[in-house]
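Participant:
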Amino acid sequence: MRSGTFRRGMHLGLPHQTIGRGMPVRRLRPIVFVLAVAAAMACGTSGDVAQLSETHDDFGIPLPPSGGQSAGRVVSLGPATTEIIAGLGALDRLVGRSIWDTWPAEVTRVPELGDALRPSAERVLAARPDLVVLDARPDNQQAAAVLRNANVPVVALRVDRVDQFLNTLTILGSLLNARARSDSLRRTLQATLDSVRQTRSGARPTVFLPVWNAPLMTVGSGSFLSELVAIAGAKNLYEERIESAFVVSPEDVSRRDPDVILVAPASAAEWSPGGRWAALRAVRTGRVLTYDTTLVGQPSLRMGLAAVSLARLFDSTRAVQ
Numbered sequence: 002m003r004s005g006t007f008r009r010g011m012h013l014g015l016p017h018q019t020i021g022r023g024m025p026v027r028r029l030r031p032i033v034f035v036l037a038v039a040a041a042m043a044c045g046t047s048g049d050v051a052q053l054s055e056t057h058d059d060f061g062i063p064l065p066p067s068g069g070q071s072a073g074r075v076v077s078l079g080p081a082t083t084e085i086i087a088g089l090g091a092l093d094r095l096v097g098r099s100i101w102d103t104w105p106a107e108v109t110r111v112p113e114l115g116d117a118l119r120p121s122a123e124r125v126l127a128a129r130p131d132l133v134v135l136d137a138r139p140d141n142q143q144a145a146a147v148l149r150n151a152n153v154p155v156v157a158l159r160v161d162r163v164d165q166f167l168n169t170l171t172i173l174g175s176l177l178n179a180r181a182r183s184d185s186l187r188r189t190l191q192a193t194l195d196s197v198r199q200t201r202s203g204a205r206p207t208v209f210l211p212v213w214n215a216p217l218m219t220v221g222s223g224s225f226l227s228e229l230v231a232i233a234g235a236k237n238l239y240e241e242r243i244e245s246a247f248v249v250s251p252e253d254v255s256r257r258d259p260d261v262i263l264v265a266p267a268s269a270a271e272w273s274p275g276g277r278w279a280a281l282r283a284v285r286t287g288r289v290l291t292y293d294t295t296l297v298g299q300p301s302l303r304m305g306l307a308a309v310s311l312a313r314l315f316d317s318t319r320a321v322q
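As numbered in the numbering used here, residues 2 to 322 make up the sequence shown, in order.
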């Protein structure tokens, strides 16, 4: 599978196009960005889990010094980091964002500088930033090098898992002289996730999470989605896989026969009783659940609420015979 083919299918960078069954991309941007990144990862990456560091970014470059004069003009190209910056009370410092960064709503007033994957270094430089935050994907290494050669500090961070999100929260809090605020947000998020986890007991249904239908893709334990499912009291059908996302065969899904199918609303029709998946137990018993993509669709400060919403969904299946 080539990433270019996937990009055309997902209409990346075309916010007024549609995806799936007529749902506007503008409404699905968070989950579409996650899918785009997942596709890039599924095309030739090793699936190794990145080691966390508070001294180096995820390209292995030392972080800019913190504790002194913080950046006054920041470009953030990624939904998670842009939301964190807003949550830190530093939205007034943002001078650029990617097309995917639309939460909270206030960030849409920040100039849009294009895609978060393979961004235009020229457009970023035109914003005159003194700090650029990128998604740490191989596709972004060239832009990072161009920006650093122009003497612009760059921080490249991966935010696939919950611990990576929490680490990013701490790093950005330090770089923006908002460490007290970032520590508070981190404690609140962690406490909510822990609280949900502690309330879950009993049998843990197996859950299949199709994140793309052609080819069929799902997530492994390297994804925050898998972690949220576990926190909410269930088990990812492919929990043993360490990748964030990967291609699976319909035959293997049928062989594993999950208890629950968890889908985005735009994909629900694909899993209807009259469709090609009718033989699956979850489809036959009405255990195809749709989740709120605006809440669950990306790693965010609202992951605690996302875990709560998933726990309620799983509870709803107990009454289904």
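For every residue, glycine included, the Cβ atom is placed at its ideal position computed from N, Cα and C.
None of these values were measured; they are calculated from a predicted model.
When we look at the beta-carbon of S227 and count the other beta-carbons within 10 Å, is it buried (16 or more) or exposed?
Facilitator: Start at 1 with the first residue of the sequence shown, and residue 227 comes out as number 226. Classification of S227: buried, given that the 10 Å Cβ count is 16 or more.
Participant: Please work out which residues of its chain come closer than 6 Å, Cβ to Cβ, to R149, disregarding the five sequence neighbours upstream and downstream, and give them in chain order.
Facilitator: Locating residue 149 in the sequence shown gives position 148, where the first residue counts as 1. V155, listed in sequence order.
Participant: Mind checking V220: buried by the 16 CB within 10 Å criterion, or exposed?
Facilitator: Locating residue 220 in the sequence shown gives position 219, where the first residue counts as 1. Classification for V220: buried.
Participant: Determine the direct distance from the alpha carbon of A127 to that of I232, and round the result to whole angstroms.
Facilitator: For this step, residue 232 is matched to residue 231 along the sequence shown. For this step, residue 127 is matched to residue 126 along the sequence shown. Computed Cα separation, rounded: 43 Å.
Participant: Which residue comes first and which comes last in the beta strand (DSSP E) that contains G97?
Facilitator: As a first step, residue 97 is located in the sequence shown; it is residue number 96 there, counting from the start. Start and end: L95 to R98.
Participant: With a Cβ-Cβ cutoff of 8 Å, do L173 and S183 count as a contact?
Facilitator: For this step, residue 173 is matched to residue 172 along the sequence shown. For this step, residue 183 is matched to residue 182 along the sequence shown. Result yes, Cβ atoms of L173 and S183 sit closer than 8 Å.
Participant: Can you give me the C-alpha to C-alpha distance between V309 and E84, rounded to a whole angstrom?
Facilitator: Mapped onto the sequence shown, residue 309 falls at position 308. Mapped onto the sequence shown, residue 84 falls at position 83. So the alpha carbons of these two residues sit roughly 20 Å apart.
Participant: Of all the beta strand (DSSP E) runs that stay within the bounds of the stretch 218-289, which reach a length of 3 or more residues?
Facilitator: Here the runs fully enclosed are 246-248 and 261-264.
Participant: What distance in whole Å lies between the Cβ atoms of D102 and R88, which are believed to be in contact at a cut-off of 8 Å?
Facilitator: Counting from 1 along the sequence shown, the entry for residue 88 is found at position 87. Counting from 1 along the sequence shown, the entry for residue 102 is found at position 101. Here residue 88 is Gly; the residue named in the question, Arg, does not match the sequence. Actually they do not touch by this definition, with Cβ atoms about 13 Å apart.
Participant: Which residues in the same chain as E271 place their Cβ atom closer than 7 Å to its Cβ, once the five residues preceding and following it in sequence are excluded?
Facilitator: As a position in the sequence shown, residue 271 is number 270, starting the count at 1. Excluding residues within five positions, the ones whose Cβ falls inside 7 Å are N214.
Participant: Who are the Cβ neighbours of G115 in its own chain at under 6 Å, not counting the five residues just before and after it?
Facilitator: Position 114 of the sequence shown, counting from 1, holds the residue named residue 115. Only S121 and R124 meet the Cβ criterion.
Participant: Buried or exposed: which applies to D58, given that a residue is buried once 16 or more other Cβ atoms fall within 10 Å of its Cβ?
Facilitator: Counted from its first residue, the sequence shown places residue 58 at position 57. With 16 or more other Cβ atoms within 10 Å, it is buried.
Participant: Check this for me: beta carbons of R129 and V111, under 8 Å apart or not?
Facilitator: The residue given as residue 129 occupies position 128 in the sequence shown. The residue given as residue 111 occupies position 110 in the sequence shown. Contact flag unset, no.
Participant: With 16 other CB atoms within 10 Å as the buried threshold, where does R94 fall?
Facilitator: Working through the sequence shown from its first residue, we reach residue 94 at position 93. That one is buried.
Participant: Please determine if the stretch 159-174 and the stretch 201-217 are in contact, where contact requires at least 3 C-beta pairs separated by less than 8 Å.
Facilitator: The stretch 159-174, when compared against the stretch 201-217, does not touch it at the 8 Å Cβ threshold.
Participant: Hey, L92 and E107: beta-carbon distance below 8 Å or not?
Facilitator: Residue 92 sits at position 91 when you count from the first residue of the sequence shown. Residue 107 sits at position 106 when you count from the first residue of the sequence shown. Yes.
Participant: Measuring CA to CA, which of L167, L263, G234 and D253 is closest to I86?
Facilitator: The residue you call residue 86 lines up with position 85 of the sequence shown. Ranking L167, L263, G234 and D253 by Cα distance to I86 puts L167 first.
Participant: For the alpha helix (DSSP H) that L177 lies in, which residues bound it at each end?
Facilitator: Position 176 of the sequence shown, counting from 1, holds the residue named residue 177. Here L177 belongs to no alpha helix (DSSP H), and DSSP marks it neither H nor E.
Participant: Rank A137, D131 and A144 by C-alpha distance to the C-alpha of L327 and give the top, closest one.
Facilitator: A question about residue 327 goes unanswered here, because the residues of the chain that appear run from 2 up to 322.
Participant: My guess is that V261 and F315 are in contact by the Cβ rule of under 8 Å, so how many angstroms apart are they, rounded?
Facilitator: As a working mapping, residue 261 is identified with position 260 in the sequence shown. As a working mapping, residue 315 is identified with position 314 in the sequence shown. That belief holds up - the Cβ atoms of V261 and F315 are roughly 7 Å apart, short of 8 Å.
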